[in-house]
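Have a look at the structure below before the remarks.
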DNA sequence: CGCAGCGTATCGCTGAACGAGACGAAGTGC
DNA sequence: GCACTTCGTCTCGTTCAGCGATACGCTGCG
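Chains as they are written, first to last, in the UniProt record's numbering: chain H, 1 to 253; chain R, 1 to 253.
Here it is in structure tokens:
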């Protein structure tokens, strides 16, 4: 699972610079980019200038920041977009029924990528972000995806290292395997503070008839007042409705 | 208003290729990319390969398609993101009150860029897309932004060419100017099928105390059943609440 | 003052990127 | 079947864009 792009090509370096930005920082200085990327100072300087010229980066006070042009480009990505457009009404309904934080995620490698996150004023402070990633094994969405995924993938994840995110993260392959089996039996997956302390979650896979689930939907809330069991029906119904809508269209990847 | 990026640099060419994708197409063939970009066939071929290696593009059956990696990158763009995160709950509330299509947009040049679009099963088929653009003069959001914008910008737009999108698009500067004045008097802007036939819309600016509005919010619906006047209060209240929340934090650009 | 860290600018060297062109495969019309 | 087009892929010699070492001016700090 190599993270780094090809640094021998201009394009690889440019992408490396872009990916050096993290969600938490507003602006990043040139020096910081040099540190994070390991590229030569002059190179970062020059490429950043090019990136600004191409509207992928903006100059800001203390350095650079990802530009709105990048946002526009990202929203053109077709798979995520068509999935999102079809799913949005269903997610809205689910939100109205629960008034809790609703997620839509797809699998990419051993991670879940969140395609949408909607919530009201009362939403739980979850580490998830639209466009963000989380390991499969420590989120409800991830477990829902994994339970219905290809057996090879499941084995890969179970035998690979299971990163501990909180004291409650399940890092024992045996326990996780049993949980996944339970998911296929009940159709829903749970998470009990496994990705973030205080956060509990229930998810259901969006099945489209193909080998792998198309996505998964979850409802999350703070542990002290949120009972995931109470939303099993809603989540499962929403996921099923979305799944049949999607497979009626030919959005099967 | 030059559209084309710098074609003398690898980066410019790469971005040109990425921007050659439109929202409507799922996959684009190499030949089509060559046609749209005007680049040499070998160049597009080579660069596309590099873009795939850097996870900005995916190979698909008939050619290429924008990759999920680009989506992830785009969602990192900070201004849009922080605005979006704060605004989401307000948009949710507005949706629940109206159950019509809700938009959030910011100004970029002479266009509005939609940062969010939420709607249920009954939503009007609007040409807007999250991450998409529309001219300022023919949308409710655009008029709301324009009416409260800098006088120079307003003059620029009014004296520049006003593209006709539908038979109802206001292309007479005089009429548009009067409409904008009315917007500042009432605090809301309307659109009557000016960007798409059958679509009507009401919008309010999100003011943060600075010179320019931070964004604008709109509610849209199909003309035959949707009365924008009925949602004036809701839109205005939502925009005001969002504005004061935003200015309480230091998200002023 | 001296030093450190920053952004920016200069400048030869070199290999990455260039585009013309060749090639085979697949489709189309006759 | 054949001629012709269109497509994706690959090769190859040329060259200029990108490279990084280095230098410079600025700012803040002890």
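Cβ coordinates follow ideal geometry from the N, Cα and C atoms, glycine included.
Requested in this report: Closer than 9 Å by beta-carbon distance: list the chain H residues that pair up with residue 79(R), in chain order.
Outcome: Under a criterion of Cβ atoms nearer than 9 Å, the residues of chain H adjacent to residue 79(R) are, in order, 26, 58, 65, 66, 67, 68 and 71.
Query - With 16 other Cβ atoms within 10 Å as the buried cut-off, status of residue 254(R) - result: A question about residue 254(R) goes unanswered here, because the residues of chain R that appear run from 1 up to 253.
Report task. Measure the CB-CB distance between residue 11(H) and residue 50(R) and report whether it falls below 9 Å. Result -> Contact: yes.
Query raised in the report: Hey, how far is the Cα of residue 212(R) from the Cα of residue 111(R)?
Result: Taking the straight line from one Cα to the other gives about 15 Å.
Query raised in the report: Roughly how many angstroms separate the alpha carbons of residue 15(H) and residue 70(R), rounded to a whole number?
Result: C-alpha separation (whole angstroms): 10 Å.
Query raised in the report: Quick one: any contact between the segment 215 to 223 of chain H and the segment 107 to 127 of chain H, if contact means 3 or more CB pairs under 8 Å?
Result: The segment 215 to 223 of chain H, when compared against the segment 107 to 127 of chain H, does touch it at the 8 Å Cβ threshold.
Requested in this report: Taking only beta-carbon positions, decide if residue 217(H) is within less than 9 Å of chain R.
Outcome: For residue 217(H), the answer is no, since every Cβ of chain R falls outside 9 Å of its Cβ.
Query - Distance cut-off 8 Å: residue 238(H) Cβ against heavy atoms of the ligand HEM - result: Ligands in the displayed structure: none, and consequently the ligand HEM is not present.
Query raised in the report: Does the beta-carbon distance from residue 138(H) to residue 165(H) come in below 9 Å?
Result: Using a Cβ distance threshold of 9 Å, residue 138(H) and residue 165(H) count as a contacting pair.
Query raised in the report: Is the Cβ of residue 118(H) closer than 9 Å to any Cβ of chain R?
Result: Interface residue, yes.
Query raised in the report: In or out: residue 181(R) buried (at least 16 other Cβ within 10 Å) or exposed?
Result: Per the 10 Å Cβ criterion, exposed.
Query raised in the report: So is residue 208(H) in contact with chain R if we call contact Cβ pairs under 9 Å?
Result: Answer no: the Cβ-Cβ gap between residue 208(H) and chain R never drops below 9 Å.
Query raised in the report: So which residues of chain H does residue 9(R) contact, with C-beta pairs closer than 9 Å?
Result: Residue 9(R) reaches chain H at 10, 50, 53 and 54, counting residues in chain order whose Cβ is nearer than 9 Å.
**Report entry** Sub-9 Å separation of residue 218(R) and residue 204(R) beta-carbons
**Finding:** The answer is yes: Cβ separation under 9 Å.
Query - Proximity of residue 37(H) and residue 20(H) at Cβ, strictly below 9 Å - result: Yes, these two residues count as a Cβ contact at 9 Å.
Query - Within chain H, the residues that residue 256(R) reaches when beta carbons sit closer than 8 Å - result: Because chain R is modelled from 1 through 253, residue 256(R) falls outside the range shown and cannot be assessed.
**Report entry** Rounded separation between residue 81(R) and residue 230(R) - CA only
**Finding:** Answer to the nearest angstrom: the Cα atoms are 30 Å apart.
Query - Cβ pair count under 8 Å reaching 3, the segment 113 to 120 of chain R against the segment 89 to 97 of chain H - result: By the Cβ test, the segment 113 to 120 of chain R is in contact with the segment 89 to 97 of chain H, since at least three Cβ pairs between them sit closer than 8 Å.
Query raised in the report: Roughly how many angstroms separate the alpha carbons of residue 68(H) and residue 233(H), rounded to a whole number?
Result: Each residue's Cα considered, the two are about 39 Å apart.
Query - Minimum C-alpha distance to residue 98(R) - residue among 227(R), 246(R) and 55(R) - result: Nearest in C-alpha terms to residue 98(R), of all of 227(R), 246(R) and 55(R), is 227(R).
Query raised in the report: If the cut is a Cβ gap below 7 Å, which residues of chain R does residue 113(H) touch?
Result: Here the neighbours are 68 and 72.
**Report entry** Closest Cα partner of residue 188(R) within the set 199(R), 198(R), 96(R) and 238(R)
**Finding:** Comparing alpha carbon positions, the residue from 199(R), 198(R), 96(R) and 238(R) closest to residue 188(R) is 238(R).
Query raised in the report: In angstroms, rounded to a whole number, what distance separates the CA positions of residue 6(H) and residue 31(H)?
Result: Taking the straight line from one Cα to the other gives about 21 Å.
Requested in this report: Let me know the secondary structure DSSP gives residue 252(R) once reduced to three states.
Outcome: Confidence at residue 252(R) is low in this model, with a pLDDT of 40, below 50, so the placement of that residue is unreliable and no value is reported for it.
Query raised in the report: Going by the CB atoms, is the gap between residue 216(H) and residue 142(H) shorter than 9 Å?
Result: Contact flag set, yes.
Query raised in the report: Apart from the five residues just before and just after residue 235(H), which ones in its own chain have a Cβ nearer than 8 Å to its Cβ?
Result: Excluding positions up to five away in sequence, the list reads 94, 188, 202, 203, 204, 217, 218 and 219.
Query raised in the report: residue 36(H) touches chain R at which residues, Cβ-Cβ below 8 Å?
Result: Result: empty, since nearest Cβ-Cβ is about 14 Å, beyond 8 Å.
Requested in this report: Would you check if the distance between the CB atom of residue 33(R) and the CB atom of residue 74(R) is smaller than 9 Å?
Outcome: Not closer than 9 Å, so no.
**Report entry** Span of the beta strand (DSSP E), counted from its first residue to its last, around residue 190(H)
**Finding:** Taken as a continuous stretch (DSSP letters only), the beta strand (DSSP E) holding residue 190(H) covers 189 to 192.
**Report entry** For residue 77(H) and residue 45(R), the rounded distance between their alpha carbons
**Finding:** Answer to the nearest angstrom: the Cα atoms are 20 Å apart.
Query raised in the report: Relative to chain H, which residues along the segment 122 to 147 of chain R have a C-beta separation below 9 Å, given in chain order?
Result: If the cut-off is 9 Å between Cβ atoms, the segment 122 to 147 of chain R has 122, 123, 129, 130, 131, 132 and 133 near chain H.
Query raised in the report: Nearest chain R C-beta to residue 249(H) closer than 9 Å, yes or no?
Result: Closer than 9 Å to the CB of residue 249(H) there is not a single CB belonging to chain R.
Query raised in the report: Would DSSP call residue 65(H) helix, strand or coil?
Result: Three-state DSSP puts residue 65(H) in a strand.
Query raised in the report: What first and last residue would you give for the beta strand (DSSP E) that runs through residue 230(R)?
Result: Run containing residue 230(R): none; DSSP gives neither H nor E here.
Query raised in the report: What does a CB cutoff of less than 6 Å around residue 1(R) pick up in its chain, not counting 5 residues either side in sequence?
Result: Legend: pLDDT at residue 1(R) = 40, less than 50; position of this residue unreliable, value from coordinates given subsequently. So the list is empty, once near-sequence residues are dropped.
Requested in this report: Please confirm if residue 19(R) has its CB atom under 9 Å from at least one CB of chain H.
Outcome: Output row for residue 19(R): interface = yes.
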